[in-house]
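Here the structure comes first, spelled out in structure tokens, and everything after it is commentary.
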Amino acid sequence: MGYVISLILALIGFWLGLSGHYTPLLLSLGGVSILLAVILSARLDILDREGAPYFAAFGIALYLPWLLREIFRANVEVIRACLRADLDINPALVKVKTKSDSDLAKTLFANSITLTPGTVTIEVEPNRLLVHALYEDAAGPMAFAEMDERSCRAIDGHRAKPKGPQS
Amino acid sequence: MIGVSVIALTIALALTLLRALMGPTLYDQVLAVNSFGTKTVLLLGMLGFFMGRPDFLDLAILYALINFVATIAVLKFVRYRSFQVTLVRKDRKKGEG
Amino acid sequence: MEIWQDFVQGFEVLRPWFGGALCPLGATLAVIGSIGSLRFPDFYTRLHAASVTDTGAVTVMLVGMAFLSPHWLVFSKLIVIWVFLFLTGPTASHAIANAAHTAGLQPLIGAEATAEKIEVD
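Residue numbers (numbering that gives the first Met the number 0), protein chains in the order written: chain A, 0 to 166; chain P, 0 to 96; chain Z, 0 to 120.
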């Protein structure tokens with residue numbers, strides 16, 4: 000039920016933010032389209048933990064500033080690599096272990112790695128990721144530990160650490 | 000200053016197009032087309048501000064959607080040689096999906 | 000209260016300047032990303048150059064446009080574009096990289112990357 004309500008609230012915000020015309024006719028049409036979207040997504044069976052992760056909104060809001068700071072730092076590195084006269088890149092393929100059990104936390108972790116310039120997730124295996132990095136020394140074993148910790152806490156933070164694979 | 004950024008974005012688009020035309024592998028070309036689309040979204044927004052009509056942002060949203068779907072569709076077609084294959088999660092394959 | 004008024008007025012005066020500074024900066028980042036994707040030696044390294052455009056240039060330019068926005072509707076549309084690009088950008092990058100890796104394209108590792116560049120020259 001929480002999934003449906005959070006999806007409806009998000010869609011209402013989306014519609015109000017895009018429309019700009021608030022006459023009764025258009026508002027009712029917007030209500031109908033929101034209802035249609037919710038019914039269609041319920042039929043598609045995507046209203047689950049991954050389709051509408053409202054419980055993680057607070058955790059992600061706390062995680063986002065840290066991620067933006069990391070993205071800024073990595074941007075500076077890669078821009079320097081792009082503009083140097085001599086190409087001194089040192090690309091490497093590394094395997095990164097992840098502690099997160101749920102698919103959602105793993106997705107957030109992998110997407111964060113891909114978002115930071117200089118590292119791209121190539122393959123996702125059950126408990127580790129294959130990462131291509133522009134600089135080998137920037138992708139040591141401990142380089143992604145903090146990101147893993149924080150993204151895991153952002154998704155599964157308020158619940159006890161789940162035992163065994165779930166969902 | 001907005002005119003300057005429109006010109007700079009056009010230069011960036013030309014360079015990306017160069018990579019898309021001469022990319023040695025297919026994946027280089029798909030990557031260049033994807034990044035071309037991202038820059039087009041930015042250019043549409045900038046043009047809206049340049050002409051004093053920020054309604055262009057609606058087109059930018061639409062272009063961002065189409066760009067993503069087009070990238071995934073091209074990759075799927077290259078991999079399976081068909082659009083008919085359904086992409087579902089592994090644990091849902093046996094259900095009705 | 001008066002300080003708040005002054006703050007709002009000063010912000011209204013400075014807004015076009017912030018916007019006019021951030022938009023060309025973001026466009027420059029896009030040009031740098033394109034230059035990087037032309038210079039780098041193989042597909043996987045070009046992916047990193049493209050992700051500068053996907054994150055840095057997009058964020059800086061959209062923040063600049065947000066400073067220039069005349070109406071809150073424009074602002075909300077910019078937020079929608081930002082969220083959408085930040086959700087789909089890494090997904091598309093990962094899809095391309097995964098497809099290339101599945102198809103058997105091998106990345107250049109370590110000194111190979113720069114060595115081949117010299118050979119080409």
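Each residue gets a CB set at the ideal place from its N, CA and C atoms; glycine is no exception.
Computed from a prediction, not measured in an experiment: that's the story for all the values here.
Asked                                                                                                                                                 : Found
Closer than 9 Å between beta carbons: that is the criterion. Which residues of the segment 91-105 of chain Z meet it against chain P?                 : Ala91, Ser92, Ala94, Ile95, Ala96, Asn97, Ala98, Ala99, Thr101, Ala102, Leu104
So with Cβ pairs under 8 Å, would you call Ala48 (chain Z) a contact of chain A?                                                                      : yes
Output yes if chain Z places a C-beta closer than 8 Å to the C-beta of Leu20 (chain P); else output no.                                               : no
Would you call Asn33 (chain P) buried or exposed, if buried means 16 or more other Cβ atoms sit within 10 Å of its Cβ?                                : buried
Would you check if there are 3 or more beta carbon pairs closer than 8 Å linking the segment 97-110 of chain A to the segment 118-129 of chain A?     : yes
Checking contacts by CB at 8 Å: is Met50 (chain P) closer than that to chain Z?                                                                       : no
Would you check if there are 3 or more beta carbon pairs closer than 8 Å linking the segment 26-42 of chain Z to the segment 54-72 of chain P?        : no
Going by other Cβ atoms of all chains shown within 10 Å of its Cβ, with 16 needed for buried, is Val119 (chain A) buried or exposed?                  : buried
Considering just the uninterrupted stretch of the beta strand (DSSP E) at Glu122 (chain A), what are its terminal residues?                           : 118-123
Residues bridged to Tyr134 (chain A) by DSSP?                                                                                                         : A:Asn89
Compare the C-beta of Glu135 (chain A) with all C-beta atoms of chain Z and state if any pair is closer than 8 Å.                                     : yes
The segment 110-135 of chain A: which residues have C-beta closer than 9 Å to a C-beta of chain Z, in chain order?                                    : Asn110, Ser111, Ile112, Thr113, Leu114, Thr115, Pro116, Gly117, Thr118, Val119, Thr120, Ile121, Glu122, Val123, Leu129, His131, Ala132, Leu133, Glu135
Quick one: does Gly19 (chain Z) have its CB under 8 Å from some CB of chain A?                                                                        : no
Look at Ile45 (chain A) and Thr115 (chain A) and say whether their C-beta atoms are less than 8 Å apart.                                              : no
Using beta-carbon positions only, say whether Ala104 (chain A) and Asp47 (chain A) come within less than 8 Å of one another.                          : no
For Ala91 (chain A), return the contacting residues in chain Z, with the cut-off set at a CB-CB distance below 9 Å.                                   : Pro106, Ile108, Gly109
Can you name the residues of chain A whose CB is closer than 7 Å to the CB of Pro89 (chain Z)?                                                        : Asn110, Thr113, Leu114
With DSSP collapsed to three states, give me the class of Lys38 (chain P).                                                                            : helix
Is the segment 54-65 of chain Z in contact with the segment 4-22 of chain Z, if contact means three or more CB pairs nearer than 8 Å?                 : yes
Given Leu12 (chain P), which residues of its chain have a CB within under 6 Å of its CB, disregarding the five upstream and five downstream residues? : Lys38
Cutting at 6 Å between CB atoms, please list the residues of its own chain near Asp147 (chain A), excluding the five before and the five after it.    : Thr97, Lys98, Phe108
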